[in-house]
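Student: The structure that follows is given in the form of structure tokens.
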Amino acid sequence: MTEFEALITLNFIPDIGGIRLKRLFEYFGNACNILEASEDKLQKIEGITKNIANKIKNLSKNGVVLDKELNLIKKNNIKVLTINDKNYPVSLKAITDPPIVLYVKGQIKTEDLISISLVGSRRASFYGIVTAENLAKELALKKICVVSGMARGIDTASHKGALKAGGRTIAILG
Numbered sequence: 002m003t004e005f006e007a008l009i010t011l012n013f014i015p016d017i018g019g020i021r022l023k024r025l026f027e028y029f030g031n032a033c034n035i036l037e038a039s040e041d042k043l044q045k046i047e048g049i050t051k052n053i054a055n056k057i058k059n060l061s062k063n064g065v066v067l068d069k070e071l072n073l074i075k076k077n078n079i080k081v082l083t084i085n086d087k088n089y090p091v092s093l094k095a096i097t098d099p100p101i102v103l104y105v106k107g108q109i110k111t112e113d114l115i116s117i118s119l120v121g122s123r124r125a126s127f128y129g130i131v132t133a134e135n136l137a138k139e140l141a142l143k144k145i146c147v148v149s150g151m152a153r154g155i156d157t158a159s160h161k162g163a164l165k166a167g168g169r170t171i172a173i174l175g
């Protein structure tokens, strides 16, 4: 198994985020070593319970999950960035608990470094929607990339505003 495949495998375990992964890396050195470690050794790491160690061991033995994910990635032409990738967004890596893996549809560009996130209520008022769309439009005209989710309401209005101005917009899905 490659380091890339090991990171994708670890990403399937909901209890492992950036903080626990950092502790695991400090002890084991890389993702492959983490997956090969015994449950006893895994449990020596702060925050790794017997339950989490068991999930790591069971998932590492189940190649079907990884094969299915790799096929979906290929079929849907998805680019995958792991936390160890040199193209992983620097600002995202700097947060306390960064995602282990990013699935990217489209392109991450250098100019996306200048960006702002606009998020808000799904049940926004008319005023809120108009304001979010206008704000996003103005930001996009100033070459600022608008980042949001794809939820109804403020998020959607923000994307629409940026697109109306011919700007960049990035949708982040949980």
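Using this note's numbering, the first residue of the sequence shown is number 2, and each one after it goes up by one.
Cβ coordinates follow ideal geometry from the N, Cα and C atoms, glycine included.
Nearest by alpha-carbon distance to A166: which of K138, R123, A172 is it?
Tutor: Here residue 166 refers to the residue found at position 165 when the sequence shown is read from its first residue. Cα-wise, what sits closest to A166 is K138.
Student: Could you check if V148 is buried or exposed, using at least 16 other CB atoms within 10 Å of its CB as the buried criterion?
Tutor: If you number the sequence shown from 1, residue 148 lands on position 147. Its Cβ being crowded by 16 or more others within 10 Å, V148 is buried.
Student: Report the partner residues of I171 according to the DSSP bridge assignment.
Tutor: Position 170 of the sequence shown, counted from the start, is the residue given in the question as residue 171. According to DSSP, which records beta bridges pairwise, I171 is partnered with V148.
Student: Tell me the residue span of the alpha helix (DSSP H) that contains L103.
Tutor: The residue you call residue 103 lines up with position 102 of the sequence shown. Not the alpha helix (DSSP H): L103 falls in the beta strand (DSSP E), residues 102-105.
Student: Does DSSP classify L140 as helix, strand or coil?
Tutor: The count along the sequence shown starts at 1 and reaches residue 140 at position 139. Looking at L140 - three-state DSSP - the assignment turns out to be helix.
Student: Distance check for I57 and T50, CA to CA, integer angstroms please.
Tutor: Here residue 50 refers to the residue found at position 49 when the sequence shown is read from its first residue. Here residue 57 refers to the residue found at position 56 when the sequence shown is read from its first residue. Cα to Cα, the separation comes out at about 11 Å.
Student: Round the Cβ separation of G150 and L114 to the nearest angstrom and send it over; I've been treating them as touching at under 8 Å.
Tutor: Residue numbering aside, residue 150 sits at position 149 when the sequence shown is read from its first letter. Residue numbering aside, residue 114 sits at position 113 when the sequence shown is read from its first letter. G150 to L114, Cβ: 20 Å. No contact.
Student: Would you give the residue range spanned by the beta strand (DSSP E) that V81 belongs to?
Tutor: If you number the sequence shown from 1, residue 81 lands on position 80. Where V81 is concerned, the enclosing beta strand (DSSP E) stretches over 80-83.
Student: Rounded to whole angstroms, what's the CA-CA distance from I178 to F127? Just pull it up for me.
Tutor: Residue 178 lies beyond the stretch modelled for the chain, which goes from 2 to 175, so this question has no answer here.
Student: Out of G107, L136, A54, point me to the one whose CA is closest to E40's CA.
Tutor: Position 39 of the sequence shown, counted from the start, is the residue given in the question as residue 40. Minimum Cα distance to E40 is reached at A54.
Student: Tell whether a beta-carbon distance below 8 Å holds between A141 and G168.
Tutor: Translated into positions along the sequence shown, residue 141 becomes position 140. Translated into positions along the sequence shown, residue 168 becomes position 167. Going by C-beta atoms, A141 is nearer than 8 Å to G168.
Student: Apart from the five residues on each side of it in sequence, which residues of its chain come closer than 7 Å, Cβ to Cβ, to K106?
Tutor: On the sequence shown, position 105 is the one that residue 106 refers to. Excluding residues within five positions, the ones whose Cβ falls inside 7 Å are I79.
Student: Curious, which full-length alpha helix (DSSP H) runs of at least 4 residues does the region 4-86 contain?
Tutor: Segments of the alpha helix (DSSP H) lying fully in the region 4-86: 4-12, 19-29, 32-37, 40-43, 51-62, 64-76.
Student: Less than 8 Å between the CB atoms is what I'm expecting for L71 and I35, so what's the real figure, rounded?
Tutor: For the purposes of this step, residue 71 is taken as residue 70 along the sequence shown, with counting starting at 1. For the purposes of this step, residue 35 is taken as residue 34 along the sequence shown, with counting starting at 1. So it is not a contact: roughly 19 Å between Cβ atoms.
Student: Return helix, strand or coil for S92, following the three-state DSSP convention.
Tutor: Residue 92 sits at position 91 when you count from the first residue of the sequence shown. Three-state DSSP puts S92 in a helix.
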